[in-house]
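Numbering (the numbering used here), first residue to last: 33 to 266.
For reference, the structure is listed below as structure tokens.
If you want it as structure tokens, here you go:
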């Protein structure tokens with residue numbers, strides 16, 4: 033658990049995409065699995081969830097290749113990445129607002145009503161397309177994605193880039209993440225972090241919830257106040 037003091041006033045919320053806003057994590061897994069099967073690389077969902085969640089596609093491919101000790105030149109790697117992305121785009125072709133994860137739609141409306149700035153901080157290079165298909169692009173004041181910065185998660189750059197664009201100090205930003213790499217990036221950016229998922233995976237976050245279903249903005253603010261008062265949040 034990060035112990036650095038932070039300003040409890042939250043003026044901006046920066047959302048991760050995959051696993052927080054929509055369950056494209058499973059689509060990513062399926063596209064990596066198809067590539068691994070074709071390349072005869074040993075791979076399964078447990079491996080994906082344990083080691084690849086939150087990684088950008090280049091780092092994820094590097095990990096996948098390490099499972100078979102394959103050494104490919106940059107051109108060969110780019111060809112594999114294109115195949116993987118093509119599989120992913122096929123899978124999300126039917127994505128729509130029904131694929132929003134529970135609680136996200138209501139939370140976006142609450143943040144908009146409260147005047148809180150909303151940004152995306154994702155390693156995905158398809159983030160713009162995904163938000164448009166989900167029908168929520170209009171809620172976001174800024175998008176920082178896999179095209180925005182040279183160093184992606186667990187580096188803090190994507191979150192710092194979003195905060196700078198919003199003109200909000202990092203101490204006044206809350207990041208909502210579902211992956212250890214994203215939590216590490218947000219902590220390095222000196223931001224508040226709400227982890228969505230199992231506590232065992234997200235223990236470094238200031239707060240961890242299994243889901244955003246039924247969770248309102250007032251409840252999240254209460255948890256931040258609880259933590260900032262020197263108490264351990266749940």
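By construction, the Cβ of each residue, glycine as well, lies at the ideal position given by its N, Cα and C atoms.
> Closest to residue 230 by CA distance: which of 254, 82 and 73 is it?
Replying inline: 82
> How about residue 155 and residue 87: do their beta carbons lie closer than 8 Å?
Replying inline: yes
> Would you say residue 45 and residue 143 are within 8 Å of each other, going by their C-beta atoms?
Replying inline: yes
> Where does the unbroken beta strand (DSSP E) through residue 153 begin, and where does it stop?
Replying inline: 149-153
> Grouping DSSP H, G and I as helix and E and B as strand, with all else coil, what is residue 85?
Replying inline: coil
> Residues in its own chain within less than 8 Å of residue 41 by CB, not counting five upstream and five downstream?
Replying inline: 204
> DSSP puts residue 209 in a beta bridge; with which residues?
Replying inline: Beta-bridge pairing links residue 209 to 227.
> In whole angstroms, what separates the C-alpha of residue 206 from that of residue 126?
Replying inline: 31 Å
> In the structure shown, what three-state DSSP assignment does residue 46 receive?
Replying inline: strand
> Would a C-beta distance cut-off of 8 Å place residue 235 and residue 186 closer than the cut-off?
Replying inline: no
> Between the beta-carbon of residue 211 and the beta-carbon of residue 94, is there less than 8 Å?
Replying inline: no
> Which residue's Cα is closest to the Cα of residue 228: 63, 199 and 214?
Replying inline: Out of 63, 199 and 214, 214 has the C-alpha closest to the C-alpha of residue 228.
>> Strictly by DSSP, which residues pair up with residue 240?
In response: Beta-bridge annotation (DSSP): residue 240 is paired with 227.
> Just the Cα atoms here: how many angstroms apart are residue 260 and residue 163?
Replying inline: Rounded to whole angstroms, residue 260 to residue 163 spans 32 Å at the Cα level.
> Which class does residue 132 belong to by DSSP, given the choice of helix, strand or coil?
Replying inline: If DSSP states are grouped into helix, strand and coil, residue 132 belongs with the strands.
> DSSP state of residue 36, grouped into three classes?
Replying inline: With a pLDDT of only 42 at residue 36, under the threshold of 50, the placement of this residue in the model should not be trusted, and no figure is reported.
>> So, at 7 Å on beta carbons, what are the nonlocal neighbours of residue 173 in its own chain, with the 5 sequence-adjacent residues on each side left out?
In response: 149, 150, 151 and 198
>> Classify residue 102: buried if its beta carbon has 16 or more other beta carbons within 10 angstroms, exposed otherwise.
In response: Exposed, by the Cβ-count rule.
> Rounded to whole angstroms, how far is the Cβ of residue 249 from the Cβ of residue 146, which I believe are closer than 8 Å?
Replying inline: 6 Å between Cβ atoms; contact.
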